[in-house]
Amino acid sequence: LLFCRTDSGLEMLGPPQRSIVPANWKAAAEQLASDGFHTLTLHRSLMETGQYGSSAEDIYANAPAMYGVDISCRQGHSLRCIPAEQTFSMFMTMEDFKKLKPEERLNVLPPPGISKELLPQLRRYLSPEALTLMAKAPPQVGGMFPNVLVLFIYSPRTDGKYSGALALHTYVPRGPNHLEFMNFIFAEKDAPEAMKRDMMANAIRASGTTGTI
């Protein structure tokens, strides 16, 4: 669903961002995708200032989309599949969205990192069931126990540029009171160069060392 979707696969865009944070690594690792209910607390200020496309008045109306569907296993890995309605509502009304079939939804807003030109490859690599999942409740964040976070977020843009961000975070212990945060940014190797540039900017602005998240 995330890593094996095209003929050439993913490539890393430049070296990873790295920074030292004065905190125990477990403090960050425990806030990975495993905690589907942290949005209203940890990211509340972002919602109140409109960074998530909401305001202080409609935080709770938008909260269900932030919870999503939490998937986990005994080994500690997790994945959050977030309903697509909230993302698609930026491009059309909810009423129009509900009328679209899964195939039509993918054409309107392909998965993060997939351009319209890469959609035929996506359809070859994913089963019909997987494509339906990507259209209805796509996986967007996941945790690989104990200290890796995977981000495949839509980050819709209204300026005509490419949306989406693909990133992998690691929290490496540097002593009992410090961790090293590493942000690896990816794109599909066959994606247009303009898309790669936009996705790097999206990832840095959203989840980099100085990003909003």
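Position in the sequence shown (first residue = 1) + 399 = the working numbering.
The C-beta atom is built at its ideal place from N, Cα and C for all residues, glycine as well.
Remember, it's a predicted structure, so these values are computed and weren't measured experimentally.
Inter-stretch contact at 8 Å, needing at least 3 Cβ pairs: the segment 514-522 / the segment 409-420 | no
Three-state secondary structure (DSSP) at T405?
-> coil
Best match in G512, P482 and G475 for proximity to P501 [C-alpha to C-alpha] = Sorting G512, P482 and G475 by C-alpha distance to the C-alpha of P501 places P482 at the top.
In chain order, which beta strand (DSSP E) runs of at least 3 residues are fully inside the segment 481-566?
-> Whole beta strand (DSSP E) segments, 3+ residues: 538-543 and 547-552.
On the DSSP bridge assignment, give the partners of H568 in chain order.
-> L548 and N582
According to DSSP, which residues form a beta bridge with L439?
-> Looking at the DSSP assignment, L439 forms no beta bridge with any residue, so it has no partner.
Is it the case that the Cβ atoms of H568 and V420 are separated by a distance below 8 Å?
-> no
Work out the CA separation of P591 and I470 for me, nearest whole Å.
-> 32 Å
For the putative contact between P511 and G563, defined by C-beta atoms under 8 Å, what is the C-beta separation to the nearest angstrom?
-> 3 Å
Candidates T440, E587 and Y553: which alpha carbon is nearest T405's?
-> E587
Is it the case that the Cβ atoms of G607 and Q416 are separated by a distance below 8 Å?
-> yes
What are the start and end residues of the alpha helix (DSSP H) that includes D469?
-> It is not in any alpha helix (DSSP H) - D469 instead sits in the beta strand (DSSP E) that spans V468 to S471.
First and last residue of the uninterrupted beta strand (DSSP E) at R417 = Looking at the DSSP string, the run of the beta strand (DSSP E) that includes R417 is Q416 to V420.
Below 7 Å CB to CB, which residues in the same chain sit around L517 once its five sequence neighbours on both sides are set aside?
-> The residues are T405, E587, D589 and A590.
Let me know the secondary structure DSSP gives L412 once reduced to three states.
-> coil
Starting from L478, follow its DSSP beta bridges and name the residues at the other end.
-> Per DSSP, the beta-bridge partners of L478 are I470 and G541.
How big is the Cα-Cα spacing for L550 and A602?
-> 9 Å
Kindly identify the DSSP beta-bridge partner or partners of E354.
-> With the chain running from 400 to 612 in the structure shown, residue 354 is simply not present.
Simplified DSSP state of L400, which is helix, strand or coil = coil
Sequence-distant residues of its chain with Cβ nearer than 8 Å to L530 (five each side left out) = Take L530, set aside five residues on each side of it, and the residues of its chain with a beta-carbon closer than 8 Å to its own are P501, E502, L505, L521 and R522, in chain order.
By the 10 Å Cβ neighbour count, where 16 or more other Cβ atoms means buried, how is V571 classified, buried or exposed?
-> exposed
Answer yes or no: do I584 and M599 have a C-beta to C-beta separation smaller than 8 Å?
-> yes
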